[in-house]
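Enquirer:
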Amino acid sequence: MVLARAGFAPVAGIDEAGRGACAGPLVVAAVVLEPARIRRIRGLADSKLLTAAAREDAYAEVLRWAIDWHVVVIGADQIDAVGLHVCNLAGMRRAFAGLRCQPGYVLTDGFPVRGLGVPALAVWKGDQITASVAAASVVAKVSRDRMMRDLHERYPCYGFDRHKGYNTDEHVRALTEHGPCPAHRYSFVNVNRAAAMSDPAAAADPMDPMDLMTAVDLEALADPEAAVTPEAGMTPVAASGVGAAGSAVSRMGAFVGNERRMDS
10 MVLARAGFAP
20 VAGIDEAGRG
30 ACAGPLVVAA
40 VVLEPARIRR
50 IRGLADSKLL
60 TAAAREDAYA
70 EVLRWAIDWH
80 VVVIGADQID
90 AVGLHVCNLA
100 GMRRAFAGLR
110 CQPGYVLTDG
120 FPVRGLGVPA
130 LAVWKGDQIT
140 ASVAAASVVA
150 KVSRDRMMRD
160 LHERYPCYGF
170 DRHKGYNTDE
180 HVRALTEHGP
190 CPAHRYSFVN
200 VNRAAAMSDP
210 AAAADPMDPM
220 DLMTAVDLEA
230 LADPEAAVTP
240 EAGMTPVAAS
250 GVGAAGSAVS
260 RMGAFVGNER
270 RMDS
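Numbering (our numbering), first residue to last: 10 to 273.
#1: Considering only residues of the segment 49 to 119, which uninterrupted alpha helix (DSSP H) runs meet the minimum length of 4 residues and lie entirely inside it, listed in chain order?
#2: Report back the beta-carbon spacing between residue 21 and residue 141 to the nearest angstrom; my notes put them in contact at under 8 Å.
#3: Give a single yes or no on whether residue 117 has its beta carbon closer than 7 Å to a heavy atom of the ligand FMN.
#4: Could you round the C-beta distance between residue 151 and residue 65 to whole angstroms and report it? I think they count as a contact, below 8 Å.
#5: Going by DSSP, what residue range makes up the alpha helix (DSSP H) through residue 142?
#6: Can you give me the Cβ contacts of residue 183 inside the same chain, cut-off strictly under 8 Å, excluding the 5 residues immediately before and after it?
#7: Could you tell me which residues DSSP puts in a beta bridge with residue 130?
#8: Could you name the residues that DSSP lists as bridge partners for residue 22?
#9: Please report the distance separating the alpha-carbon of residue 188 from that of residue 175.
#10: At the level of alpha carbons, what is the spacing between residue 120 and residue 191?
#11: Can the beta-carbon of residue 27 be found closer than 8 Å to that of residue 153?
#12: Is it buried or exposed, residue 96, if we count other Cβ atoms within 10 angstroms and call 16 or more buried?
#13: Which residues share a DSSP beta bridge with residue 32?
#14: How big is the Cα-Cα spacing for residue 202 and residue 81?
#15: Do residue 23 and residue 115 have their beta-carbon atoms positioned less than 8 Å apart in this structure?
#16: Give the secondary structure of residue 125 by DSSP, where H, G and I count as helix, E and B as strand, and everything else as coil.
#17: Nearest to residue 29 by CA position, among 198, 67, 61 and 204, is which residue?
#18: Since I believe residue 146 is in contact with residue 178 (beta carbons under 8 Å), could you give me their beta-carbon distance rounded to a whole number of angstroms?
#19: Take the Cβ of residue 208 as the centre, count every other Cβ of all protein chains shown within 10 Å, and call the residue buried at 16 or more, exposed below.
#20: Identify whether residue 199 lies in helix, strand or coil by the three-state DSSP scheme.
#21: In this structure, does DSSP put residue 177 in helix, strand or coil?
#22: Any idea what DSSP makes of residue 170, helix, strand or coil?
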């Protein structure tokens with residue numbers, strides 16, 4: 010409300026889900042809310058503080074009332090290729106660039122993101138303090154949880170539907186018993202250790218990161234200003250615009266990398 014009264018409306022919030030997981034994608038969401046409608050969004054809070062059912066309800070409310078939203082999914086192979094933090098920043102820039110409206114201000118959770126082209130502020134625990142970041146947190150978390158349930162159908166021995174790729178005791182036991190699958194992040198120490206135990210050659214002779222970069226533009230990742238525009242590696246499959254909730258899909262990495270935005 011303060012930013013809106015200062016003439017910075019609309020405000021976009023950006024947050025991610027899956028940063029600390031050792032399997033599955035990193036999902037980044039940008040959400041733009043209308044200040045006058047925020048109170049209509051029932052159950053809006055930091056996604057980590059909500060039950061799964063409450064998150065689903067809040068997700069539906071956010072998509073119903075949001076001015077605009079955009080989701081970017083970055084696969085485990087891209088995280089292994091260029092690093093988690095680089096992917097996180099690139100995903101935030103892509104999520105912002107995918108918005109069809111032009112926000113007057115951007116709030117991010119935790120750390121600053123340069124090169125967005127509009128005023129921005131990093132808010133410590135932003136998903137607990139600001140409505141737009143909380144909304145982005147919910148959209149990112151619910152989107153990722155659904156993907157992890159889909160991954161469970163493909164790799165049921167790991168229990169992805171329960172721990173969502175994070176380092177629980179159940180996940181550690183499954184990694185030890187079965188070794189990692191293609192959805193795991195081999196750049197993580199515990200995954201690489203499990204790979205070495207099941208197949209020493211896989212851990213001792215990793216793929217050249219440059220071989221994994223066919224789906225992402227290195228210049229756009231390295232240059233914040235370039236990253237605001239669509240990267241060469243983001244190949245759209247369907248187009249969409251602002252309006253009722255819908256989706257568009259494009260690739261960023263071999264593992265089901267995609268983007269979803271509001272569709273007209």
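Even for Gly, the Cβ is constructed at its ideal location relative to N, Cα and C.
Expert: According to the data block:
#1: 61 to 74, 85 to 91 and 93 to 106
#2: 6 Å
#3: No copy of the ligand FMN occurs in the structure displayed, which carries no ligand at all.
#4: 6 Å
#5: 140 to 163
#6: 166, 167 and 168
#7: 116
#8: 40 and 116
#9: 15 Å
#10: 30 Å
#11: yes
#12: buried
#13: 193
#14: 29 Å
#15: yes
#16: coil
#17: 198
#18: Their Cβ separation, rounded to whole angstroms, is 26 Å, which puts residue 178 and residue 146 out of contact at 8 Å.
#19: exposed
#20: helix
#21: coil
#22: helix
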